[in-house]
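Asks: Numbering (mature numbering (1 follows the signal peptide of the UniProt record, and there is no 0)), first residue to last: -22 to -1, 1 to 310.
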Amino acid sequence: MLKLTLLFILQMVLGFSVNSWGAPNTAASTVNGDPSLVSQAWYIERIELPRAWRTVRETPDVPVGVIDMDFDLSHEELKEAFDDRYSLDFSGKNFSEISLDAKYSQHGTLVSAIIGANGVNAVGITGISQRARMIAINVAPVGKAIDIEEVMRYTIDSGAKVINCSFGYVSIKPDLMEKLRRALRYAQEKDVLIVAAAGNYGRDNDKEPFYPSSFSVEFPNVISVGATAEDDSHFYASSYGKKHVDIFAPGRNIIVPADATRYVLSSGTSEAAPIVSGVASLMRQINPRLSAAQVKKILMQTSDKKEQLRAISVSGGRVNAARAVEAAEVAR
């Protein structure tokens, strides 16, 4: 069972334009959850996740930060994961730098569920990393803007070793760029892997950078993630880039919670990034000595190479959980 710690409840208003936001138990070695729902999770077999689970069985959990909005604290998939001892309300703070597109409710819930939904309760879906301890950084869609540097520093100081960023800036001012750069430099100093969605604009990020994703060319601890469809082709809405997108992951028709009782199919790089975050946490479970830069390198080297991804990403591949985790184990 994962622990999901709510650390921030932040409020925000209009600000910079961003993309559309586009669980101690033994890790399961088989796919559990509601069979009718899990059967729709086509990506589980595609990235060879069951084999990866067998490798990481009975290893310590790894804290995963999720900077997002709208987390359902009582959802059946996540309700036993929250640790109220760490709950903090920062809604009164005077943040002023970033606003996040509020068009999708429960975005934080769906991203967290992809990373670490309870996979042993025969309910709903199963997460990538069933032993993850997630640190939820909730930026609610009404109120004040947030200071992204302070938010990321807080997440890092709270113990996250992997941070999922299913958001990004399509336009950014120099002062905000420098704040984000300082935050990522701090993450590098603390050996934290930043997993960033490439964006849902279907464009070349080499020509039109998307941040923090495009910082992958500057920081060895930042990995940029694009989205693939069921046939491993490039998902049309996903941004891409031979230099600015490191790896692809399944991102089309991903089964996620819509609310307390309903599940839906959702698509985009917001769904692809948490798949990579989940795999990265499995790697750091099996080998805590791996640096963030080593995790990034292994993820890219062990990806399943696809001709259609070669010209639009650094690795030319789609993430393979089993190969990545096994390579991490060998590197111990």
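Using N, Cα and C, we set each Cβ at its ideal position, and we do this for glycine too.
Bridge partners of L171, per DSSP?
Replies: Looking at the DSSP assignment, L171 forms a beta bridge with V140.
Asks: Using the Cα positions of V117 and Q279, report the straight-line distance between them to the nearest angstrom.
Replies: Spanning the two alpha carbons is a distance of roughly 34 Å.
Asks: With 16 as the cutoff for other CB atoms within 10 Å, does G180 come out buried or exposed?
Replies: By the neighbour-count rule (16 or more Cβ atoms within 10 Å), G180 is not buried but exposed.
Asks: How far does the alpha helix (DSSP H) with T206 in it extend, from its first residue to its last?
Replies: Per DSSP, T206 belongs to no alpha helix (DSSP H); it is in the beta strand (DSSP E), 200 to 206.
Asks: Give a yes or no on whether the C-beta atoms belonging to H212 and P187 are separated by under 8 Å.
Replies: No, they are not a contact pair.
Asks: When DSSP labels each residue in this structure, what does H85 get in the three-state scheme?
Replies: Correct three-state label for H85: helix.
Asks: Can the beta-carbon of I225 be found less than 8 Å from the beta-carbon of I201?
Replies: Against a cut-off of 8 Å, the Cβ pair of I201 and I225 comes out as a contact.
Asks: On the DSSP letters alone, give me the boundaries of the alpha helix (DSSP H) that Y132 sits inside.
Replies: Note, Y132: alpha helix (DSSP H), 126 to 135.
Asks: Along the chain, where does the alpha helix (DSSP H) containing P41 start, and where does it finish?
Replies: Counting along the chain, P41 falls outside any alpha helix (DSSP H), though it belongs to the beta strand (DSSP E) covering 41 to 46.
Asks: For S244, name the three-state secondary structure that DSSP assigns.
Replies: Note: S244 maps to strand in three-state DSSP.
Asks: Which of the three DSSP states is assigned to D209 in this structure?
Replies: In the structure shown, D209 sits in coil (DSSP, three-state: anything other than H, G, I, E or B).
Asks: Could you say which of Y21, E23, L88 lies nearest to E54 if we only look at CA atoms?
Replies: Here the closest residue by C-alpha is L88.
Asks: In its own chain, which residues sit with a C-beta less than 7 Å from the C-beta of L162, not counting the 5 before and 5 after it?
Replies: Only I172, P190, F193, F197, V200 meet the Cβ criterion.
Asks: Which word fits E167, buried or exposed, when buried means at least 16 other C-beta atoms lie within 10 angstroms of its C-beta?
Replies: Under this definition E167 is an exposed residue.
Asks: For V292, which residues of its own chain have a beta-carbon under 6 Å away from its beta-carbon, when the five flanking residues on both sides are left out?
Replies: Hits under 6 Å: D224.
Asks: Within the same chain, show all residues whose beta-carbon is closer than 7 Å to that of L287, passing over the 5 residues directly before and after it, in chain order.
Replies: For L287, where only same-chain residues beyond five positions count, the Cβ hits under 7 Å are H212, F226, G294, G295, R296.
Asks: Taking only runs that begin and end inside the segment 227 to 290, name each unbroken beta strand (DSSP E) of 3 or more residues, in chain order.
Replies: With a minimum length of 3 residues, the continuous beta strand (DSSP E) runs that stay inside the segment 227 to 290 are 232 to 235, 241 to 244.
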